[in-house]
Amino acid sequence: MALVKARGTKRSSATSSYSSATSIVIFVGLSVLGLWLLTSHSFAPSQPTTSTTPTRLASIGHTHHHSNALPQTRQNEPETKVDNDEAAVIEPEMKVGNDEAAVIEPETKVGNDEAAAIEPETKVGNDEAAVIEPETMVGNDEAAVIEAETRVENDEAVATEAETKIENDETETANGFKTEGILTDQADHQDTKGTQDNSDAVEEQEKQAALETQTSEESSMTQKEEIIQENPRSETKMETDDGNRGTEDVSTEGESLSQGSNTTENQITDEDQQRRIDEHQQREDEQKQQGGKEAKSTDPNGATSHAQTQHDEAPIHLHQDGSSSQETDKPKAQTTSQETKHDSLDEDMDKVKPLSQKMNEETSNKNNEASTSSEDSIEIPKESTESKKSWTTQAYQSENQKERRNGGSNGRENSNHGYTWLLCNVTAGADYIPCLDNEKVVANIHSRLHHEHRERHCPNDPPTCLVPLPKGYKRRIDWPQSRDKIWYNNIPHTSLAEYKGHQNWVKVTGEFLTFPGGGTQFIHGALHYIDFIQEAVPDIAWGKHSRVVLDVGCGVASLGGYLFDRDVLTMSFAPKDEHEAQVQFALERGIPAISAVMGSQRLPFPSRVFDVVHCARCRVPWHVDGGALLLELNRVLRPGGYFVWSATPVYQKLEEDVQIWKEMSRLTVSMCWELVTIKKDKINSIGAAIYQKPESNDCYNHRKQKEPLMCKTDDDPNAAWYIPLQSCMHQIPTQENERGSQWPEEWPERLQSPPYWLNKSQMGIYGKPAPDDFVSDYEHWKKVVSTMYMNDLGINWSQVRNVMDLRAVYGGFAAALKDQNLWVLNVVNVDSPDTLPIIYERGLFGIYHDWCESFSSYPRTYDLLHADHLFSRLKKRCKLEFTMAEIDRILRPGGKLIMRDESSTVAEVVDFLKSLHWEVFLNHSKNQEGILSAQKSDWRPTGIADSS
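Per this note's numbering, the sequence shown starts with residue 743, numbered consecutively.
Put into structure tokens, the structure is as follows:
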């Protein structure tokens, strides 16, 4: 390009000051000779310096999104005439400064390798300025140059120059200097400028100096802008290798600069904020007005478009493993005959009751009689086979999972005491999660666009090895002190502290990891941020109206940790990724969290259960792929619930953020989400947009834009176990007896009140009408917990914080522990009646799971596990030794297991526990029923399993 530019300057020029043709020839000859001598040095190839190369490459990334300006310039150029008047027209079309680079560079934007190849032609630093300048410099100096150039009186000279330009263009093409879009722009630009006079060497130097200043200004662009502009599809730069939906930014320096970039010049003004709200409302109004015009042709279900019809008639989606079928559209089959006959809680209490009598008869027969009287007053019918007809399950699974289940027990009934355990030989070491660390499967996943490698991929042969302890492990710090600090040796990871410490996530303080309570969007503390949200929308009413929250991309879950102060339960989740152990930090602190990702599958929760969904810089690109991920939040969000979105597109006006905001605005309007408010937090220099999901189908039925489509009528919104995402919306329930048609009672009343949608005509799990069944179950567990669990099992409840009910029904066990300073994660098994919506309705939370697979949690994360008639059912489908290894994995050393089951199964479990060197506090059986209380020790085997 340098040679082309040199030849391009050998043009004959004519000015009004020349008096004769002889003068013209002499002046042109001298000018050409002088300019050639000057430019032969300026345009000589030189190696770019270390300091200038990053500037150039950064500019390429920064200006990628300004390419829209170029077509407009091209449209104007062919019509540009070369005279004094048109010089004024050219100037506004060719702006100089930071925007100038945006006009040029998108046409030459390449990867690092390609950039290196272009550099000799488009010099970095001063040489680059010399190349770019003649084409684009239109500042005050260039205006004068253009005016001089446009004083053309000699038509013949103009014609000669045009021929020269064509010749130069052809030469440039032949020599291969053309990169994508550059040569066309040069030709167009030269047409616009007409006859260019480069005879004045002084002016050339002045222009060069001006562009050097401009280049220096461009290089001062913040790193935040560089990161954002590299990827126009997401809020911030996605991960370079494997991505990470559901976590914060990775770069330390980038984030610190990002935080600093939240200045007045980058943030939207109050006027912009109000304008955004008005525009959103205007779109909603237009949609409703348009919908009103089309009301006559609108199907009651809202499926009026051809696209909707095609969607409804489309074949069923395949699973990730390639299995298909009808099960996808009908994922929740009735409970099958494989499930054994349910034992009644009434019988269970009658059979465990002699244990209380035996333990107390040495001290007082009177107490025994009182205990017997109170227990006999609880009458809960059997879990009958007939009740199965009233309840669906999450039993739908892939063919691969069915084969895994059919492996069954290894046939060893009571020979487990001598079982030989080995340490797991895996890369993850002490942090091993079998279904998330399946390296063989992950290595063969070719597409990572939707973060499939972060999803569950369980081994075909579930591991029966034990996870080692970290060196120097100590018993965890009790709550609430644990919210502020944990033992460093328990989770010896410092990466997160290194690049998140400035945001008050976590810091290394001696032998502790400390948590100041901050986050990317609330570096000055979570409590202020929590109050900021309620001040923005008082109807959120933490701890009363809003009780159960989903926090997407939770980091170390400080938001959930401090929402406990507002009587709110938060289900926090983030993937297991390069943000080292963030969920493990949360659980060690005593805050509920799971490892999960917004990927290609539904989250393991029912539909319409969360009162609020929160995302604070969670780095999930909600607006891409037709809004598939935001539609998944729409599925789990309760009608009338709120989505709190705190991210840079809400409060910054960088081009990338503005574009994302526009796309999000279009998407949320088409989803019928109301933009309740945009609120700025001046203390944290951030802002939040708060949306509300509709409570009726009116907007769906009258939408101007019919996309996203409405889901098929046979698409069960509650199906969530390995179900692919669906880019559609489900109808809002409207019948009074349908779940989701009304908001639950305020907390804490909702805890003990049967949900309004439980119908008396429906048989409950234990055989009574469903509402009565609910009440009986609650009364039963209150009695069991208060009379037995609190006193007779050798448990110090003040040291119990993280609890899991491995087989929850109505959540009665968790409800009975309401006044304890702990939380309970309720697990509803995929082959059990789907009662998880009831658990959420009463202000508790839980998850679907199959205990023939590993749970999505780090090792050593729970203080107490409760298993009520789980193992006797489970061992018919999978190896009990794996289940025991999994129990050992997720329970902390010193943690407790409470088990109630058939006496034969209890005996089998006791043998396993003895082989694991657990301490058994209580083991009592009578009338084929038993109860067990045991504590995990620090023991680990010395042998190591073969590498899998």
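All residues carry an ideal CB built from backbone N, CA and C; glycine is no exception. As the structure is a prediction and not an experimental result, all values here were calculated from the model.
Cβ-based neighbour list, residue i, same chain, cut-off 7 Å, excluding 5 preceding and 5 following
i, result
"P1391", "E977, D1399, I1402, W1403 and M1406"
"T1684", "none"
"D1688", "N1167"
"I1686", "L1164, L1165 and N1167"
beta-carbon residue i near the ligand COA non-hydrogen atom, thresh 8 Å
i, result
"V1527", "This structure lacks the ligand COA, and indeed carries no ligand of any kind."
Close-in-space but distant-in-sequence residues of the same chain around residue i (CB under 6 Å, 5 per side omitted)
i, result
"G697", "As displayed, the chain neither begins before 743 nor continues past 1690, which places residue 697 out of reach and without an answer."
"L1311", "V1290 and F1587"
"G1259", "G1267, A1268 and S1300"
"D1423", "F1274"
"I1537", "K1638"
"V1517", "none"
"W1463", "Q1136, V1572 and Y1590"
"T1647", "F1613 and S1614"
"G1171", "none"
"P1346", "A1462, I1589 and Y1590"
"E898", "Residue placement at E898 is flagged as unreliable, the pLDDT there being 44, under the threshold of 50; the coordinate-derived value follows with that caveat. Taken in chain order, the list of residues that qualify is empty."
"Y1161", "S1657"
"L1564", "V1542, R1543 and V1545"
"G918", "Caution is warranted here: a pLDDT of 40 is assigned to G918, below 50, making its placement in the model unreliable, and no coordinate value can be reported."
"A1676", "L1639, L1655, W1660 and V1662"
"E1701", "The displayed coordinates of the chain run from 743 to 1690. Any statement about residue 1701 would go beyond what the structure contains."
"M1626", "F1654"
Counterpart residues of residue i in DSSP-defined beta bridges
i, result
"H1195", "Per DSSP, none; premise fails for H1195."
"D1547", "N1568 and H1608"
"H1591", "N1571"
"S1691", "As displayed, the chain neither begins before 743 nor continues past 1690, which places residue 1691 out of reach and without an answer."
"P1466", "Q1343"
"N1665", "L1674"
"Q1394", "Q1009"
"G1261", "Note: G1261 sits in no beta bridge, so no partner."
"M1406", "In DSSP, M1406 forms no bridge with anything."
"L1375", "Answer is none; L1375 lacks a bridge partner."
"E1416", "Q1434"
"L1292", "M1313 and V1355"
"G1429", "K1422"
"L1255", "I1228 and V1250"
"V1386", "H1356 and I1432"
"I1686", "L1165"
"W778", "In DSSP, W778 forms no bridge with anything."
Presumed contact (8 Å Cβ cut-off) between residue i and residue j, rounded CB distance
i, j, result
"Q1276", "A1358", "Their Cβ separation, rounded to whole angstroms, is 15 Å, which puts Q1276 and A1358 out of contact at 8 Å."
"M1546", "Y1604", "5 Å"
"C1200", "E1595", "5 Å"
"R1631", "V1209", "5 Å"
"Y1384", "V1279", "7 Å"
"G1297", "G1261", "6 Å"
"D1576", "T1134", "5 Å"
"I1474", "E1449", "Incorrect: roughly 18 Å between the Cβ atoms, too far for contact."
"F1597", "E1628", "7 Å"
"S1599", "H1472", "Actually they do not touch by this definition, with Cβ atoms about 29 Å apart."
Close Cβ partners of residue i (< 8 Å) along its chain, the five nearest in sequence each way excluded
i, result
"K1144", "With a pLDDT of only 37 at K1144, under the threshold of 50, the placement of this residue in the model should not be trusted; the figure read from the coordinates follows. There are no such residues."
"P1601", "A1172, D1173, Y1174, I1175, V1209, R1631 and I1632"
"R1308", "I1272, W1284 and G1285"
C-beta neighbour in chain B for residue i, strict 9 Å
i, result
"P1204", "Looking for chain B here will not work: only one protein chain is present."
For the segment 1433–1451 against the segment 1330–1343, do three or more pairs of beta-carbon atoms, one drawn from each stretch, fall closer than 8 Å, so that the two count as touching?
Touching, no, given that fewer than three Cβ pairs across the two stretches are closer than 8 Å.
Count the CB pairs spanning the segment 1588–1605 and the segment 1485–1500 that are closer than 8 Å, and state whether there are at least three.
As far as the Cβ criterion goes, the segment 1588–1605 does not touch the segment 1485–1500, which means the pair count is below three.
Could you tell me whether the segment 1320–1331 touches the segment 1184–1202, using the rule of 3 or more Cβ pairs below 8 Å?
The segment 1184–1202 and the segment 1320–1331 do not touch, with fewer than three beta-carbon pairs separated by less than 8 Å.
Could you give the uninterrupted runs of the alpha helix (DSSP H) lying entirely in the segment 1484–1532, keeping only those of 4 residues or more?
Look at the segment 1484–1532 and you find these whole runs of alpha helix (DSSP H), each 4 residues long or longer: 1491–1494 and 1512–1526.
At a cut of 8 Å, does the segment 1600–1614 reach the segment 1640–1654 through at least three beta carbon pairs?
A contact exists between the segment 1600–1614 and the segment 1640–1654.
Taking one C-beta from the segment 1431–1438 and one from the segment 1447–1464 each time, how about it: are there three or more such pairs within less than 8 Å?
With a cut-off of 8 Å on Cβ pairs, the segment 1431–1438 is not in contact with the segment 1447–1464, counting fewer than three such pairs.
With a threshold of 8 Å, are at least 3 pairs of Cβ atoms found where one atom belongs to the segment 1278–1298 and the other to the segment 1483–1492?
Contact between the segment 1278–1298 and the segment 1483–1492 is present: 3 or more CB-CB pairs across the two stretches fall below 8 Å.
Does the pairing of the segment 1411–1420 with the segment 1347–1362 give three or more beta-carbon distances under 8 Å?
Under the three-pair Cβ rule at 8 Å, the segment 1411–1420 does not count as touching the segment 1347–1362.
With three or more beta-carbon pairs closer than 8 Å as the criterion, would you say the segment 1556–1573 touches the segment 1511–1527?
Result yes; three or more Cβ-Cβ pairs closer than 8 Å.
Enumerate, from N- to C-terminal direction, the unbroken alpha helix (DSSP H) stretches of 4 or more residues contained entirely within the segment 1599–1663.
When DSSP assignments are scanned along the segment 1599–1663, the uninterrupted stretches of alpha helix (DSSP H) that are 4 or more residues long and fall wholly within it turn out to be 1613–1616, 1622–1632 and 1645–1657.
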